[in-house]
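So the protein sequences, as listed, match chains A and B. Mapping the first sequence onto UniProt numbering, position 213 (from 1) lands on 213, and the numbers just tick up by one. Mapping the second sequence onto UniProt numbering, position 4 (from 1) lands on 4, and the numbers just tick up by one. C-beta atoms are modelled at their ideal positions from N, C-alpha and C, and glycine is treated no differently. Every value quoted in this text rests on a predicted model; they were computed, and no experiment measured them.
2 protein chains.
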Amino acid sequence: MQYPERIETRFEKSNEELELECTSWRFAVETNNLSPWKTIPEQCGSYVKDYVMGRGYKVDLERVSTEAGIYATSLQLSADGKDVWVFDVDETLLSNLPYYADHGYGLEIFNPVEFDKWVYRGVAPAIEPSLKLYEKVLNLGFKVFLLTGRSEKQRSITTENLTKAGFRSWDKLILRDSEDHDKPATVFKSEKRSKMVEEGYRILGNSGDQWSDLSGSFPSDRSFKLPNPMYYIP
Amino acid sequence: MQYPERIETRFEKSNEELELECTSWRFAVETNNLSPWKTIPEQCGSYVKDYVMGRGYKVDLERVSTEAGIYATSLQLSADGKDVWVFDVDETLLSNLPYYADHGYGLEIFNPVEFDKWVYRGVAPAIEPSLKLYEKVLNLGFKVFLLTGRSEKQRSITTENLTKAGFRSWDKLILRDSEDHDKPATVFKSEKRSKMVEEGYRILGNSGDQWSDLSGSFPSDRSFKLPNPMYYIP
Chain A
1 MQYPERIETR FEKSNEELEL ECTSWRFAVE TNNLSPWKTI PEQCGSYVKD
51 YVMGRGYKVD LERVSTEAGI YATSLQLSAD GKDVWVFDVD ETLLSNLPYY
101 ADHGYGLEIF NPVEFDKWVY RGVAPAIEPS LKLYEKVLNL GFKVFLLTGR
151 SEKQRSITTE NLTKAGFRSW DKLILRDSED HDKPATVFKS EKRSKMVEEG
201 YRILGNSGDQ WSDLSGSFPS DRSFKLPNPM YYIP
Chain B
1 MQYPERIETR FEKSNEELEL ECTSWRFAVE TNNLSPWKTI PEQCGSYVKD
51 YVMGRGYKVD LERVSTEAGI YATSLQLSAD GKDVWVFDVD ETLLSNLPYY
101 ADHGYGLEIF NPVEFDKWVY RGVAPAIEPS LKLYEKVLNL GFKVFLLTGR
151 SEKQRSITTE NLTKAGFRSW DKLILRDSED HDKPATVFKS EKRSKMVEEG
201 YRILGNSGDQ WSDLSGSFPS DRSFKLPNPM YYIP
């Protein structure tokens, strides 16, 4: 037999525990402590939804943008035009939150066919704090290279979407070519950074929501990890 | 003129805002998004205290240990005895929380004289989840290298403290020699990892509470970032 008070107490404690557990899981995601994962933990579904739809995600995005901006402004750029800031696209410049809102915020296994349909609509909104940083680094004189795991086939829709979202100019948009499709993002992106360095560019800043945007070889002088508790790309 | 309800609402909102702001700050710390910092934000004093003294820190430490253990167990080690796990010491194996509890949990600027007195007492307790991981990797057959920013002069007290805390054996204990004292930790630790690789060792795992333990050159195959919202070492 159970007493109502006891049930209530258990329920409250369980909520607090869940908050603790899911915050800890999010910390493990953001620090890259986890093994590759395919979906968010079932019990953290509401937590992740509340975070990305609420102020937590916004505040985190704003902080990353501000910190990156302070760093960018602190640098003395060379006159040779070889100083580069690298941006990832999805969940870094463009937000696919409208798609993920319809697909359980990471609870569902990634469906590339459905996601491609969303990409081809070309309506992903800008992540506003990233747009602010983007304009700042352009104004400071950085070369801006966009390095995305999207396919070369999606070049024109990606260009269209970025432009519509307010990203008006860039120096390179590097997408995955046919020979890159089987490479993990870390390998693909490291190879492309290696090429930049070969060509004499200096990668001073790098913004991405995945560690596969930021780690690997030829890393940027400083990397800025945007939050993303919804999915993992190796 | 202000109405009591309004004041109360403002106060509640301000607490919620503070929680949001300090959690966001903690994530920025743990993802290495911040510029070098000397003290925690004044307004996050209570937040950091509650986190490190409460269950949040414990749960996070346990998760890092568990994830690292799963990875360690998944590896097939070679027979040549060259597979290495690197551990940092302070806030990774040993906890200086008793010291920081007496010094504002990061609110005070680091005082090397006072901290050294604490180190020479040799009473820092083990971080229990790390001790569990430590024993696991030893049992799995890893070589265990301790790589710490502590001074060579502190070798004997460090050995004594580690032993007393339950860390019973290791293959190397690498401390800062006189020529290393002016090097940032990232440089010192990268050089030491470089030497390990030169000697034919394979660094498969690395546990540390600072990004300067984990990033730089010759990084480990996988790195595990332990939480530390109290101080920053470049």
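Cut-off 6 Å between Cβ atoms - residues of its own chain near residue 228 (chain B), not counting five sequence neighbours on either side: So the list reads 91, 209, once near-sequence residues are dropped.
message: Give me, in chain order, the residues of the same chain whose beta-carbon lies closer than 6 Å to that of residue 8 (chain B); leave out the 5 immediate sequence neighbours on both sides.
response: Caution is warranted here: a pLDDT of 48 is assigned to residue 8 (chain B), below 50, making its placement in the model unreliable, and the coordinate value is therefore given only provisionally. None.
query: Sorted by chain position, which residues of the same chain lie with C-beta nearer than 8 Å to residue 52 (chain B)'s C-beta, five sequence neighbours on each side aside?
result: The answer, listed in chain order, is 97, 100, 105, 229, 230.
field: Touching by the beta-carbon criterion (3+ pairs, under 8 Å), the segment 145-157 of chain A and the segment 126-133 of chain A
entry: Note that the segment 145-157 of chain A does not touch the segment 126-133 of chain A; fewer than 3 beta-carbon pairs, one per stretch, sit closer than 8 Å.
Residue 88 (chain B) vs residue 146 (chain B) beta-carbon contact at 9 Å: The Cβ atoms of residue 88 (chain B) and residue 146 (chain B) sit closer than 9 Å to each other.
task: Count the other C-beta atoms from every protein chain shown that fall within 10 angstroms of the C-beta of residue 141 (chain B), then say buried if there are 16 or more, exposed otherwise.
output: Exposed.
message: Determine, for residue 27 (chain B), whether the minimum Cβ-Cβ distance to residues of chain A falls below 9 Å.
response: So, interface residue.
- prompt: Does any CB atom of chain A fall closer than 9 Å to the CB of residue 67 (chain B)?
  reply: It does; some Cβ of chain A falls within 9 Å.
query: Hey, how far is the Cα of residue 60 (chain A) from the Cα of residue 41 (chain B)?
result: Using only the alpha carbons, I get a separation of about 16 Å.
- prompt: Which of the residues in the segment 49-62 of chain A, read from start to end, lie with their CB under 7 Å from any CB of chain B?
  reply: Residues of the segment 49-62 of chain A with a C-beta less than 7 Å from any C-beta of chain B: 55, 56, 59, 60, listed in chain order.
query: Which residues mark the beginning and the end of the alpha helix (DSSP H) in which residue 161 (chain B) is found?
result: Here the alpha helix (DSSP H) through residue 161 (chain B) covers 155-164.
query: Checking contacts by CB at 9 Å: is residue 34 (chain A) closer than that to chain B?
result: Yes, its Cβ sits closer than 9 Å to a Cβ of chain B.
message: Once DSSP output is grouped into helix, strand and coil, what is the label at residue 15 (chain A)?
response: Residue state, collapsed to three classes: helix.
message: Quick check on residue 143 (chain A): buried or exposed, where buried means 16 or more other Cβ atoms within 10 Å of its Cβ?
response: So residue 143 (chain A) counts as buried.
According to DSSP, residues forming a beta bridge with residue 83 (chain B): Per DSSP, B:202.
message: Contact defined as beta carbons within less than 8 Å: I believe residue 205 (chain B) pairs with residue 222 (chain B). What is the distance between those atoms, to the nearest angstrom?
response: 6 Å between Cβ atoms; contact.
- prompt: How would you call residue 32 (chain A), buried or exposed, if buried means at least 16 neighbouring beta carbons within 10 angstroms?
  reply: Label assigned to residue 32 (chain A): buried.
query: Any Cβ of chain B within less than 9 Å of the Cβ of residue 91 (chain A)?
result: So, not an interface residue.
- prompt: Among the residues of its own chain, which have a CB less than 7 Å from the CB of residue 50 (chain A), if the five just before and after it don't count?
  reply: So no residue of the chain qualifies.
message: Run through chain A and tell me which residues come within less than 7 Å of residue 30 (chain B), C-beta to C-beta.
response: Result: 27, 30, 31.
- prompt: Which partner residues of residue 223 (chain B) appear in the DSSP bridge assignment?
  reply: Bridge pairing for residue 223 (chain B): B:206 [DSSP].
query: What are the residues that DSSP puts in a beta bridge with residue 90 (chain B)?
result: The beta-bridge partner set that DSSP reports for residue 90 (chain B) consists of B:94.
query: Any Cβ of chain A within less than 9 Å of the Cβ of residue 20 (chain B)?
result: Judged by the 9 Å Cβ criterion, residue 20 (chain B) is in contact with chain A.
query: In chain order, which alpha helix (DSSP H) runs of at least 4 residues are fully inside the segment 12-68 of chain A?
result: Annotation: the segment 12-68 of chain A contains the following complete segments of the alpha helix (DSSP H) (minimum length 4 residues), in chain order: 45-53.
message: Any beta carbon from chain A within less than 9 Å of residue 98 (chain B)'s own beta carbon?
response: No, its Cβ sits nowhere closer than 9 Å to a Cβ of chain A.
message: By the DSSP assignment, the beta strand (DSSP E) with residue 145 (chain A) in it spans what residues?
response: Per DSSP, residue 145 (chain A) belongs to the beta strand (DSSP E) from 143-151.
- request: May I ask you to check if the CB of residue 193 (chain B) is nearer than 8 Å to at least one heavy atom of the ligand FMN?
  value: Of the ligands one can find in the structure shown there are none, so the ligand FMN has no counterpart to examine.
- request: Measure the Cβ-Cβ separation of residue 173 (chain A) and residue 162 (chain A) and say whether it is below 9 Å.
  value: Pairing residue 173 (chain A) with residue 162 (chain A) gives a Cβ-Cβ distance under 9 Å.
message: Looking at residue 157 (chain B): is its Cβ nearer than 9 Å to the Cβ of residue 113 (chain B)?
response: Going by C-beta atoms, residue 157 (chain B) is not nearer than 9 Å to residue 113 (chain B).
task: With a 10 Å radius around its C-beta and 16 neighbouring C-beta atoms as the bar for buried, classify residue 24 (chain A) as buried or exposed.
output: Counting Cβ neighbours within 10 Å, residue 24 (chain A) comes out buried, since at least 16 surround it.
task: Taking residue 133 (chain B) as part of the alpha helix (DSSP H), name the residues at either end of that continuous run.
output: Residue 133 (chain B) -> alpha helix (DSSP H) spans 128-140.
message: Could you compute how far the alpha carbon of residue 1 (chain A) sits from the alpha carbon of residue 83 (chain B)?
response: No answer about residue 1 (chain A) holds up, because its pLDDT of 46 lies below 50 and its placement is not dependable.
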